[in-house]
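Below: one structure, written as structure tokens.
6 protein chains.
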Amino acid sequence: MRPSQRRPDELRLIRFTLGFTRYAEGSVLVEFGDTHVLCTSSLDPNVPPFLKGKGQGWVTAEYGMLPRATAERTPREATRGKQSGRTQEIQRLIGRSLRAAVDLKALGERTITLDCDVLQADGGTRTAAISGGWLALRLAINRLLDSGALTVDPLRAQVAAVSVGIWEGIPVLDLDYAEDSTAATDLNLVMDEQGRFIEIQGTAEAQPFSRNELDALLSLGESGIRAIQAAQCAVLNGG
Amino acid sequence: MRPSQRRPDELRLIRFTLGFTRYAEGSVLVEFGDTHVLCTSSLDPNVPPFLKGKGQGWVTAEYGMLPRATAERTPREATRGKQSGRTQEIQRLIGRSLRAAVDLKALGERTITLDCDVLQADGGTRTAAISGGWLALRLAINRLLDSGALTVDPLRAQVAAVSVGIWEGIPVLDLDYAEDSTAATDLNLVMDEQGRFIEIQGTAEAQPFSRNELDALLSLGESGIRAIQAAQCAVLNGG
Amino acid sequence: MRPSQRRPDELRLIRFTLGFTRYAEGSVLVEFGDTHVLCTSSLDPNVPPFLKGKGQGWVTAEYGMLPRATAERTPREATRGKQSGRTQEIQRLIGRSLRAAVDLKALGERTITLDCDVLQADGGTRTAAISGGWLALRLAINRLLDSGALTVDPLRAQVAAVSVGIWEGIPVLDLDYAEDSTAATDLNLVMDEQGRFIEIQGTAEAQPFSRNELDALLSLGESGIRAIQAAQCAVLNGG
Amino acid sequence: MRPSQRRPDELRLIRFTLGFTRYAEGSVLVEFGDTHVLCTSSLDPNVPPFLKGKGQGWVTAEYGMLPRATAERTPREATRGKQSGRTQEIQRLIGRSLRAAVDLKALGERTITLDCDVLQADGGTRTAAISGGWLALRLAINRLLDSGALTVDPLRAQVAAVSVGIWEGIPVLDLDYAEDSTAATDLNLVMDEQGRFIEIQGTAEAQPFSRNELDALLSLGESGIRAIQAAQCAVLNGG
Amino acid sequence: MRPSQRRPDELRLIRFTLGFTRYAEGSVLVEFGDTHVLCTSSLDPNVPPFLKGKGQGWVTAEYGMLPRATAERTPREATRGKQSGRTQEIQRLIGRSLRAAVDLKALGERTITLDCDVLQADGGTRTAAISGGWLALRLAINRLLDSGALTVDPLRAQVAAVSVGIWEGIPVLDLDYAEDSTAATDLNLVMDEQGRFIEIQGTAEAQPFSRNELDALLSLGESGIRAIQAAQCAVLNGG
Amino acid sequence: MRPSQRRPDELRLIRFTLGFTRYAEGSVLVEFGDTHVLCTSSLDPNVPPFLKGKGQGWVTAEYGMLPRATAERTPREATRGKQSGRTQEIQRLIGRSLRAAVDLKALGERTITLDCDVLQADGGTRTAAISGGWLALRLAINRLLDSGALTVDPLRAQVAAVSVGIWEGIPVLDLDYAEDSTAATDLNLVMDEQGRFIEIQGTAEAQPFSRNELDALLSLGESGIRAIQAAQCAVLNGG
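In the order they appear, the protein sequences are chains A, B, C, D, E and F.
Quick note on UniProt numbering: the first sequence kicks off at 1 and runs consecutively.
Quick note on UniProt numbering: the second sequence kicks off at 1 and runs consecutively.
Quick note on UniProt numbering: the third sequence kicks off at 1 and runs consecutively.
Quick note on UniProt numbering: the fourth sequence kicks off at 1 and runs consecutively.
Quick note on UniProt numbering: the fifth sequence kicks off at 1 and runs consecutively.
Quick note on UniProt numbering: the sixth sequence kicks off at 1 and runs consecutively.
Written out as structure tokens, the structure is:
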């Protein structure tokens with residue numbers, strides 16, 4: 001039995017709340033069980049210097065964690081004066097994953113920034129951030145379409161993410177912190193709505209994993225992502 | 001008529017939600033209208049180096065604002081590599097205000113850190129943070145009393161704060177952003193439950209203010225703080 | 001009897017020396033007893049980016065303290081790599097106070113920077129800096145008027161500052177370090193020549209203060225500021 | 001035909017030069033074609049603070065690139081004042097990969113630091129660094145065994161890495177810069193000598209990849225890693 | 001004729017004012033013409049970590065320049081967040097020069113820090129700082145001798161410094177800014193009271209200099225340093 | 001006998017390898033015995049802001065040391081977040097020395113950056129860097145001449161450098177680390193092909209040095225520099 005009492009292939013309670021805050025073009029509170037991440041999208045009519053005049057847009061992401069999102073207080077990065085390597089690695093992953101869903105030419109010369117701030121952390125913050133970030137991105141692009149700023153939808157894929165791992169020898173889905181910290185392997189998957197891979201990041205925490213184990217994890221992850229994508233669709237459809 | 005349609009002496013809707021997040025010793029979401037601040041308190045069994053071995057505790061605060069708490073996105077301080085002067089000024093004010101409420105000797109050699117993170121900003125974030133921070137502090141100290149770590153309550157005062165200002169020539173209470181940005185004078189008051197001053201910070205934004213104007217502002221502020229303190233008591237009493 | 005042997009309403013010896021250094025547009029050494037601050041003003045024909053093309057000028061201030069201005073050596077901020085929160089808070093206060101005295105439209109698109117560097121510190125460095133900084137500002141603007149760069153004086157108020165506090169239960173004026181470090185309350189006042197408030201910043205160091213105590217402090221501060229303003233006028237008139 | 005004129009499953013010329021510099025406990029110049037990385041290992045009798053007194057050792061890595069390792073000069077990170085997100089991501093990957101090969105308890109309370117500095121970059125620097133870093137780690141541990149400081153070998157796996165990608169629709173092995181910059185998918189694999197995975201990091205650069213494509217890439221990568229491991233063995237055996 | 005109207009071998013007016021500020025163990029305002037540097041010495045009963053328990057003391061120096069010491073305002077290093085290369089080079093030179101005058105074993109386990117802050121700059125700030133810094137060092141050590149903390153004088157040499165240069169083809173002494181900025185060669189000399197070299201730093205600004213020119217500069221510098229040392233002695237003797 | 005077994009006037013084995021890396025406009029590995037420095041030159045069609053539109057070019061240098069170039073690992077400056085004072089001092093020396101060899105007007109509005117990275121350090125890294133850096137500069141300028149971008153050679157001098165010192169009372173040439181760390185005096189000389197001085201930097205490490213000792217060191221250094229210049233010519237001539 002998993003520490004969370006879940007079946008191996010069982011997700012935590014997944015919930016998306018649209019409009020959690022009021023000023024952002026898109027604002028989504030995503031909950032994967034006790035992991036709560038606020039994802040906002042911001043439209044900026046400029047592009048970064050390296051894209052000036054190239055006729056394309058940009059999508060980027062920043063990630064942060066409130067100091068007391070965790071069981072013990074984590075020092076504030078703004079006070080320490082820099083973002084940790086972990087933070088940078090995660091925000092680069094979120095940025096790449098969501099950028100992959102957008103036709104940047106069709107977006108035009110503008111930037112969409114996704115801010116993913118963890119209010120409460122219980123494992124899987126990066127996969128929650130990608131799944132909620134995609135919704136915030138969808139909402140910001142809807143604004144552009146509704147206002148007539150864009151007439152063709154530049155969002156060409158639906159993106160969601162989940163973690164899978166090997167815990168006590170069995171592949172399990174959507175690890176919480178108690179499971180993650182004792183798992184032998186940790187794999188984060190980002191996929192589109194056709195079940196194709198956008199990112200795959202696997203790490204052997206306690207011992208290397210075999211090709212067979214990898215195959216089992218990939219299948220488990222795909223099923224989880226399909227369920228998360230269904231939840232994304234439901235909330236967009238007002239459900 | 002104020003931009004907010006409120007009477008001059010009318011507060012915004014004030015709401016405190018205890019236990020908004022689950023890991024902190026105290027966790028309070030405070031709402032002053034559309035200003036939403038998450039205040040958490042964290043107990044640390046150590047004190048800063050300058051207090052080592054002095055037989056007293058410490059209370060300190062940190063303040064942050066999510067990038068899209070505001071109408072336009074504000075750059076993330078962790079990315080910029082430092083806290084702004086404004087941020088430091090505010091967190092020093094929160095720290096002093098709450099420290100003034102605590103008998104540090106009675107607290108013993110431990111530190112309580114208040115983290116005040118603005119999820120949504122519509123003016124008055126520092127006064128909301130102090131008012132909500134006091135509740136988070138109260139909750140953390142209750143833990144120490146409940147567990148028997150402390151037998152005498154070191155919290156000797158009830159602290160709340162509000163802003164007042166002169167808008168279109170009239171003194172008004174609890175300014176929102178639209179009012180604050182056009183006010184001639186901005187005054188932040190921090191008071192205890194006896195109506196005594198803990199902090200008073202007034203700035204002539206557009207033109208200097210007279211002693212008479214100051215007197216009117218102080219009276220208005222006191223009435224507002226009494227109402228906020230009543231709300232603090234109500235939520236502690238389960239109301 | 002105060003540690004300084006002064007009467008409660010007695011200022012320290014106040015002295016302004018114009019032209020203490022030779023390159024700045026305005027250079028003033030201000031002494032409040034053993035507190036010595038060098039205030040210089042610098043003219044810059046540009047404005048900060050956020051004011052470009054808005055047809056107005058800017059006034060700003062920076063504050064520093066030489067490492068051995070104090071009884072014990074303070075680490076150099078340039079070596080530590082950042083300004084402390086206290087330094088930023090003080091330089092923001094100086095900047096706001098002096099900016100309030102200037103008609104920025106009438107100043108035109110230029111910046112005046114006040115540098116206030118403490119050579120020796122015995123309490124009250126921020127109030128000395130504001131009082132001396134106003135003179136340095138006056139001198140720089142005189143240059144603009146003398147050269148014909150400006151024909152209308154943009155300096156619309158005379159600004160000075162002083163601290164007051166409650167020491168051993170009595171309100172006292174212009175606290176030195178020995179008094180300040182044991183005072184129950186510390187209040188910094190910035191006023192114009194009409195006795196109106198530009199800034200008021202009060203902190204209950206040891207215990208909250210009542211409305212009556214505040215009133216007494218405000219009256220005491222006003223009398224001190226009038227005397228400092230007289231000294232400012234005298235030195236400008238060659239006295 | 002690939003830009004490099006290689007067959008899809010053909011590695012670049014792989015060469016390891018032991019003892020390239022003289023002071024480090026292990027020093028290896030690794031060449032993957034025109035990618036040249038100097039890997040050194042340093043023994044330190046201490047462990048990081050979080051491991052003090054826990055009876056285990058630590059293995060960590062740092063990565064850097066000389067400014068003119070690349071076709072255009074890259075600004076020096078020491079001058080810019082911080083390591084880029086890319087640099088931190090890579091050095092964290094190297095550290096995790098090599099740490100996975102070591103029994104940290106058996107290593108005892110000491111730290112081995114791998115420095116991987118790119119002298120010349122033509123794609124695949126991280127996989128070259130891991131493959132060369134493993135040899136530098138092997139050499140440092142040999143020192144400990146030779147000197148009698150250790151009697152049981154804590155190195156429990158042989159680690160090597162390679163990149164694979166989909167270029168013009170076909171899976172190819174060990175991409176150089178020209179190939180990498182135009183590939184649709186980029187996958188870095190780290191494996192042990194039993195063909196088990198230690199790290200797998202795949203990114204859809206131009207378009208998502210299917211499960212079948214992933215399978216083909218994994219097989220191609222495994223064959224490349226076996227060849228690199230053979231080269232590692234050869235150079236250790238004096239070949 | 002030199003821009004300063006001085007003869008080639010003529011120093012500027014050299015003046016040392018002891019006790020310019022009151023808290024430092026030694027405080028000296030040094031003037032080399034319009035170059036004014038405040039040098040203070042601070043005693044610290046600790047030594048840096050690398051000297052802990054080695055039975056010797058340390059002497060170090062820090063250098064700074066007030067923003068408006070110069071004809072045009074120089075950005076404040078504390079605001080920029082780091083000391084410039086020039087600043088670090090100068091403070092390392094001051095530290096080495098004064099350390100060379102002290103028997104660090106005889107000083108015992110304590111640190112003396114020299115802070116040299118330029119109030120007004122007209123060329124030659126580093127040589128003024130060394131010459132004034134030696135006096136501040138002398139004063140701090142006198143305190144240790146007077147209090148009985150030391151019984152043997154650890155100061156074994158008298159140190160002074162001057163700049164020489166080739167201006168319009170002729171060797172000149174003690175260059176001011178107007179001369180320095182147009183000189184072909186700039187040489188800073190630090191010597192002891194026996195005319196021996198402690199530091200020699202020469203730079204060909206406009207064109208290389210010959211051995212003969214170097215010889216002339218060295219002789220000129222020696223004569224200047226002897227005069228500065230006489231002034232140091234005079235002020236110590238109450239002159 | 002010197003620790004290195006060399007005669008007092010004997011250089012270490014000096015070797016220059018051109019084209020050590022392939023992308024830089026000039027790439028030189030310089031060896032002074034066990035001191036190995038990789039010097040690369042990079043052409044940039046821009047000039048720094050302070051030279052924009054002045055019709056002249058710029059030559060600058062950056063210096064770094066790989067963490068394990070030394071007997072004990074030195075922390076990486078990119079990780080520490082800043083360059084040390086020593087690093088900045090050395091790169092400023094290299095930059096000044098090589099800039100002195102170039103007619104910046106004749107170079108035209110472009111920048112040449114010399115990167116000098118120490119792969120292995122055994123004393124004398126700055127003199128090796130200057131001597132090798134001059135060759136890298138020569139190669140970059142040759143590119144400009146060969147391509148027709150320049151028709152007149154802006155390189156007007158041949159520059160080399162060496163260290164000399166007083167070890168056990170005798171002047172010795174080209175000190176290695178064992179000699180340097182025990183020498184009483186350390187002098188770095190940079191000269192042109194006519195034996196004129198470009199830089200002279202001498203420091204009394206253990207005791208001051210006399211004019212006679214300085215004379216002996218200068219003569220010794222000149223002979224060493226001539227030999228290094230001969231080696232520079234030889235390698236340029238294909239020897």
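For glycine and all other residues, C-beta sits at the position ideal for the given N, C-alpha and C.
On the DSSP letters alone, give me the boundaries of the beta strand (DSSP E) that L104 of chain F sits inside. In the sixth sequence, counting from the first residue as 1, residue 104 of chain F sits at position 104. Run containing L104 of chain F: none in the beta strand (DSSP E); it sits in the alpha helix (DSSP H), L104 to L107.
In terms of residues, what are the limits of the alpha helix (DSSP H) holding Q91 of chain B? One-based indexing of the second sequence puts residue 91 of chain B at position 91. It spans G85 to R99 - the alpha helix (DSSP H) in which Q91 of chain B sits, taken as one unbroken run.
I'd like to know if Q83 of chain C contacts chain E, where contact means its C-beta is closer than 7 Å to some C-beta of that chain. Here the question's residue 83 of chain C lines up with position 83 in the third sequence. At a cut-off of 7 Å between C-beta atoms, Q83 of chain C counts as an interface residue with respect to chain E.
Option in C:G165, C:S97, C:L135 and C:T60 with minimal Cα separation from Q207 of chain B: Along the second sequence, one-based indexing puts residue 207 of chain B at 207. Per the Cα distances, C:S97.
Excluding sequence positions up to five away, which residues of its chain have a Cβ less than 7 Å from the Cβ of A231 of chain B? One-based indexing of the second sequence puts residue 231 of chain B at position 231. Closer than 7 Å at the Cβ level, and outside the excluded window around A231 of chain B, lie I14 and F16.
Which of helix, strand or coil does DSSP assign to V152 of chain B? On the second sequence, residue 152 of chain B is found 152 positions in, with the first residue counted as 1. V152 of chain B falls in the coil class under three-state DSSP.
Measuring alpha carbon to alpha carbon, tell me which of C:C116, C:R12, C:T127 and C:A78 ends up nearest G26 of chain C. Locating residue 26 of chain C in the third sequence gives position 26, counting from the first residue. Nearest of C:C116, C:R12, C:T127 and C:A78 to G26 of chain C, Cα basis: C:C116.
What's the call for C233 of chain B, buried or exposed, on a 16-neighbour Cβ count within 10 Å? On the second sequence, residue 233 of chain B is found 233 positions in, with the first residue counted as 1. It is exposed - the Cβ of C233 of chain B has fewer than 16 other Cβ atoms within 10 Å.
Check the Cβ-Cβ distances between S181 of chain D and every residue of chain F, and say whether any is below 7 Å. Your numbering for residue 181 of chain D matches position 181 in the fourth sequence. No, because no Cβ of chain F sits closer than 7 Å to the Cβ of S181 of chain D.
I198 of chain E CB to nearest chain F CB: under 7 Å? On the fifth sequence, residue 198 of chain E is found 198 positions in, with the first residue counted as 1. Yes, its Cβ sits closer than 7 Å to a Cβ of chain F.
Give me the chain F residues within the contact set of Q120 of chain D, using Cβ-Cβ distance strictly less than 8 Å, ordered along the chain. Sequence index remark: in the fourth sequence, residue 120 of chain D carries index 120 (1-based). Chain F residues near Q120 of chain D: T21, R22 and Y23.
Enumerate, from N- to C-terminal direction, the unbroken beta strand (DSSP E) stretches of 3 or more residues contained entirely within the UniProt domain "Exoribonuclease phosphorolytic" (158 to 223) of chain D. 160 to 167, 170 to 173, 185 to 191 and 197 to 204
Per DSSP, cross-strand counterpart(s) of I130 of chain E: Your numbering for residue 130 of chain E matches position 130 in the fifth sequence. Its beta-bridge partners do not exist; DSSP assigns none.
Anything in chain H within Cβ reach of A149 of chain B, meaning under 9 Å, just list it in chain order. The structure shown contains no chain H; its protein chains are A, B, C, D, E and F.
Check whether the Cβ atoms of R68 of chain F and T203 of chain D sit closer than 7 Å, and answer yes or no. Here residue 68 of chain F refers to the residue found at position 68 when the sixth sequence is read from its first residue. Here residue 203 of chain D refers to the residue found at position 203 when the fourth sequence is read from its first residue. No.
Are the CB atoms of L135 of chain A and V59 of chain A nearer to each other than 7 Å? Counting from 1 along the first sequence, the entry for residue 135 of chain A is found at position 135. Counting from 1 along the first sequence, the entry for residue 59 of chain A is found at position 59. In this structure, V59 of chain A does not lie closer than 7 Å to L135 of chain A by Cβ.
Coarse secondary structure for L11 of chain A, derived from DSSP in three states: Numbered from 1 along the first sequence, position 11 holds the residue referred to as residue 11 of chain A. When secondary structure is reduced to three states using DSSP, L11 of chain A falls in the coil class, being assigned neither helix nor strand.
Compare the beta carbon distance of D122 of chain B and D180 of chain B with 7 Å and say whether it is the shorter of the two. Looking up residue 122 of chain B in the second sequence gives position 122. Looking up residue 180 of chain B in the second sequence gives position 180. Their beta carbons are not under 7 Å apart, which means D122 of chain B does not touch D180 of chain B by this criterion.
Keeping to the same chain, check which residues put their C-beta closer than 7 Å to that of Q120 of chain D; ignore five residues upstream and five downstream. As a working mapping, residue 120 of chain D is identified with position 120 in the fourth sequence. So the qualifying residues of the chain are D34, T35, H36 and A69.
With DSSP run on the structure shown, which of helix, strand or coil describes Q120 of chain F? Here residue 120 of chain F refers to the residue found at position 120 when the sixth sequence is read from its first residue. DSSP places Q120 of chain F in strand when its eight states are reduced to three.
Counting only Cβ pairs nearer than 7 Å, list the residues of chain C close to R96 of chain E. By 1-based counting over the fifth sequence, the position of residue 96 of chain E is 96. Going along chain C, no residue has its Cβ under 7 Å from R96 of chain E, so there is no contact; the nearest lies around 17 Å.
List, in chain order, every chain E residue whose beta-carbon is nearer than 8 Å to that of S41 of chain F. Here residue 41 of chain F is taken as the residue at index 41 of the sixth sequence, counted from 1. Going along chain E, no residue has its Cβ under 8 Å from S41 of chain F, so there is no contact; the nearest lies around 21 Å.
Count the C-beta pairs between the region 38 to 55 of chain A and the region 17 to 24 of chain A that are closer than 8 Å, then say yes if the count reaches three, no if not. yes
What residues are listed by DSSP as bridge partners for residue 241 of chain C? The question about residue 241 of chain C has no answer, for chain C in this structure spans 1 to 239.
Rounded to the nearest angstrom, what separates R2 of chain B and P75 of chain D at their Cα positions? Taking the second sequence and counting its residues from 1, the one referred to as residue 2 of chain B is at position 2. Taking the fourth sequence and counting its residues from 1, the one referred to as residue 75 of chain D is at position 75. The alpha-carbon atoms of R2 of chain B and P75 of chain D are separated by roughly 53 Å.
Beta carbon of A178 of chain E, beta carbon of I166 of chain E: below 7 Å? As a first step, residue 178 of chain E is located in the fifth sequence; it is residue number 178 there, counting from the start. As a first step, residue 166 of chain E is located in the fifth sequence; it is residue number 166 there, counting from the start. For A178 of chain E and I166 of chain E, no; Cβs fall outside 7 Å.
Using a Cβ cut-off of 7 Å (strictly closer), state whether R68 of chain D contacts chain F. For the purposes of this step, residue 68 of chain D is taken as the residue at position 68 of the fourth sequence. Yes, R68 of chain D lies at the interface with chain F (some Cβ there is under 7 Å from its Cβ).
Shorter than 6 Å, the distance from the beta carbon of A231 of chain D to the closest heavy atom of the ligand ADP, or not? Ligands in the displayed structure: none, and consequently the ligand ADP is not present.
Residues near I225 of chain F in its chain [Cβ-Cβ closer than 6 Å; skip 5 each side]: For the purposes of this step, residue 225 of chain F is taken as residue 225 along the sixth sequence, with counting starting at 1. If we look at I225 of chain F and ignore the five residues flanking it on each side, its Cβ neighbours are A160, V162 and M191.
Tell me whether T111 of chain F sits in a helix, a strand or coil according to DSSP, three-state version. Here the question's residue 111 of chain F lines up with position 111 in the sixth sequence. Of the three classes helix, strand and coil, the one that applies to T111 of chain F here is strand, per DSSP.
Could you spell out the range, first to last residue, of the alpha helix (DSSP H) harbouring A78 of chain F? In the sixth sequence, counting from the first residue as 1, residue 78 of chain F sits at position 78. Run containing A78 of chain F: E77 to R80, per the alpha helix (DSSP H) assignment.
Measure from the alpha carbon of A61 of chain C to the alpha carbon of each residue in E:A140, E:R86 and E:R73, then state which is nearest. Here residue 61 of chain C refers to the residue found at position 61 of the third sequence. Of the candidates E:A140, E:R86 and E:R73, the one whose C-alpha sits nearest the C-alpha of A61 of chain C is E:R73.
Given S219 of chain A as reference, the closest of A:T111, A:I200, A:L236 and A:E205 once Cα atoms are compared: Stepping through the first sequence from its first residue, residue 219 of chain A is reached at position 219. Closest option to S219 of chain A, Cα to Cα, is A:I200.
Give every residue of the same chain whose Cβ lies closer than 6 Å to the Cβ of E77 of chain A, excluding the five residues on either side of it in the sequence, and list them in chain order. The residue labelled residue 77 of chain A in the question sits at position 77 within the first sequence. Counting only Cβ-Cβ distances below 6 Å, and skipping sequence neighbours, we find Q83.
L217 of chain A and P171 of chain A look like a contact to me (Cβ under 8 Å); what is the Cβ gap, rounded to whole Å? Taking the first residue of the first sequence as 1, we reach residue 217 of chain A at position 217. Taking the first residue of the first sequence as 1, we reach residue 171 of chain A at position 171. At roughly 5 Å, the Cβ-Cβ gap stays under 8 Å, so L217 of chain A and P171 of chain A are in contact.
Which residues in chain B sit within 7 Å of A78 of chain A, going by Cβ to Cβ distance? Here residue 78 of chain A refers to the residue found at position 78 of the first sequence. Neighbours of A78 of chain A on chain B, chain order: G64, E77, A78 and Q83.
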